[in-house]
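Notes for the one structure printed next.
Residue numbers (this note's numbering): 7 to 298.
Right, dumping it as structure tokens:
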């Protein structure tokens, strides 16, 4: 099994100012994450609002993150699309921009078959030499990558990992594929259950505000300190719930702005967090000592 990273990868937000990418702030966010011990940066994923970016801006953000990170940790670029040719072209552009690996979400909206998924991901993998992490998030795409489909894709050498949000099928994935894939949790609240089955970490949203704690949790588990890892997972649950009180990344961006980690608003069609939820979020942040 090839691994892009072990531990805590952050699904980094994209900072905006006046509806433009704030590249200076992006550089700072990359530096802050690396200083906190984060093991990998995922750029232009769901949390990074890639779906609200034209391709040239999307690739520009990846290129700038690669420049800012300068090889200190892997940069994983989100390049998934519901158009196979578009996804392949975007993946090639991300490779040219210097990404270390790709995160490819299942085709959304058009809801292909499992046969279509296999052909789609094989076509994407054939277009690039980079390692690819498949991203299964049925709650957003209305499409699930079945364990048997992962097994069928095991012959594709550069498909090396899985970001899995359908935790109920993780055991079946490992049963069918063994240690063929590096599997990461796509759910902050269920990191340890996945790691207990053989997963290697998380691609985390809350790591945008508490990176040291997601690093501590995953590294504790990987080093065999189960009690510390368990305590961290349980302790983080109220914060996780607060950061998913609305559609991601609305709450996490609100939290970052409340904590003066200025990242600007989300782009339409996403809107600001409601005042009621903002007040609840403030109280949770205060409980964790993050906000005075």
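Ideal Cβ placement from N, Cα and C applies to all residues, glycine included.
Identified DSSP bridge partners for residue i
i           : result
residue 258 : None, per the DSSP bridge assignment.
residue 105 : In DSSP, residue 105 forms no bridge with anything.
residue 110 : 140
residue 23  : 26
residue 170 : 142 and 191
residue 40  : DSSP, once it has assigned bridges, lists no residue as partnering residue 40.
residue 17  : 48
residue 124 : Answer by DSSP bridge pairing: none, since residue 124 is not bridged.
residue 83  : 49 and 108
residue 208 : 14 and 191
residue 165 : 138
Cβ-Cβ separation, residue j to residue i (assumed contact under 8 Å), whole Å
i           : j           : result
residue 90  : residue 110 : At roughly 11 Å, the Cβ-Cβ gap does not stay under 8 Å, so residue 90 and residue 110 are not in contact.
residue 65  : residue 108 : Contact flag wrong, Cβ pair sits at about 12 Å.
residue 93  : residue 130 : 5 Å
residue 165 : residue 190 : Contact flag wrong, Cβ pair sits at about 14 Å.
residue 316 : residue 28  : Only positions 7 to 298 of the chain appear in the structure, and residue 316 is not among them; the question remains open.
CA nearest to the CA of residue i, picked from the options
i           : options               : result
residue 26  : 261, 187 and 62       : 62
residue 128 : 117, 179 and 163      : 163
residue 290 : 226, 255 and 215      : 215
residue 184 : 57, 298, 205 and 170  : 205
residue 153 : 146, 173 and 226      : 173
residue 175 : 150, 31 and 248       : 150
residue 97  : 266, 133, 73 and 118  : 133
residue 224 : 50, 8, 249 and 15     : 15
residue 12  : 178, 18 and 188       : 188
residue 198 : 226, 28 and 126       : 226
residue 88  : 136, 248, 186 and 119 : 119
Cβ-heavy atom distance, residue i to the ligand NAP, below 6 Å
i           : result
residue 247 : You won't find the ligand NAP in this model; it holds no ligand whatsoever.
Taking contact to mean 3 or more Cβ pairs, one atom from each stretch, closer than 8 Å, check whether the segment 230 to 245 and the segment 41 to 48 are in contact. no
Does the contact criterion of 3 or more C-beta pairs under 8 Å hold for the segment 95 to 104 versus the segment 67 to 85? When Cβ pairs closer than 8 Å are counted between the two stretches, the segment 95 to 104 is seen to touch the segment 67 to 85, the count reaching three or more.
Could you check whether the segment 194 to 211 touches the segment 32 to 41, counting it as contact only if at least three pairs of C-beta atoms, one from each stretch, sit closer than 8 Å? no
Quick check: the segment 227 to 237 against the segment 266 to 286, are at least 3 beta-carbon pairs closer than 8 Å? Too few Cβ pairs lie closer than 8 Å, so no.
Segment contact flag, the segment 111 to 130 with the segment 72 to 81, C-beta cutoff 8 Å, min 3 pairs: Judged by Cβ distances under 8 Å, the segment 111 to 130 makes no contact with the segment 72 to 81, as fewer than three pairs qualify.
Would you be able to state if there are at least three C-beta pairs under 8 Å between the segment 194 to 203 and the segment 149 to 160? no
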